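Numbering (this note's numbering), first residue to last: 5 to 120. Glycine is no exception: its CB is placed at the ideal position from the N, C-alpha and C atoms. On a predicted model such as this, the values are computed, not experimentally measured, just so you know.
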């Protein structure tokens, strides 16, 4: 996929090709692991959304992170997180690297082989 890179020394714009960080084949989409077992993972927190009230889960936040423990890094969505109710020792900030346990949602079609 072409991206523009601006040379800060001159006004020259250079067109470069950059392969995807998350999937070598740009037509493919990384798949989630099947099953309902918790997995230990190491992630870089990149986005922490504003708290949102939920009738099911209470006040939650949605978090986007980059998995760092795989051969090929990939995005992961962590939801629901009751951030306000976490102990201070378990709270995290944007750009923190944390180790956690999570499992695919059974309601997410991308988590099943049929949704791939």
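Suppose the cutoff is 8 Å on Cβ atoms and the five residues either side in sequence are ignored; what does the same chain contact list for residue 99 look like?
48, 49, 50
Could you have a look at residue 12 and say whether DSSP puts it in helix, strand or coil?
The predicted position of residue 12 is uncertain, since its pLDDT is 43 and thus under 50; a value taken from the coordinates is nonetheless stated next. In the structure shown, residue 12 sits in coil (DSSP, three-state: anything other than H, G, I, E or B).
Just verifying my parser: in three-state terms, what is the DSSP assignment at residue 96?
coil
By how many angstroms is the C-alpha of residue 71 removed from the C-alpha of residue 107?
In a straight line, the C-alpha of residue 107 is about 13 Å away from that of residue 71.
Would residue 64 pass as a contact of residue 80 if the rule is Cβ separation under 8 Å?
no
Based on the DSSP secondary-structure assignment, which residues constitute the bridge partners of residue 63?
57
Can you give me the C-alpha to C-alpha distance between residue 66 and residue 90, rounded to a whole angstrom?
Residue 66 and residue 90 have their C-alpha atoms roughly 14 Å apart.
Would the beta-carbon of residue 45 fall within 8 Å of that of residue 75?
no
Per DSSP, what are the beta-bridge partners of residue 107 in this structure?
In DSSP, residue 107 forms no bridge with anything.
Just grab the DSSP bridge partners of residue 90 for me.
Per DSSP, none; premise fails for residue 90.
List the whole-angstrom C-beta distance separating residue 88 from residue 55, where the pair is believed to meet the contact cut-off of C-beta under 8 Å.
Their Cβ separation, rounded to whole angstroms, is 7 Å, which keeps residue 88 and residue 55 in contact under 8 Å.
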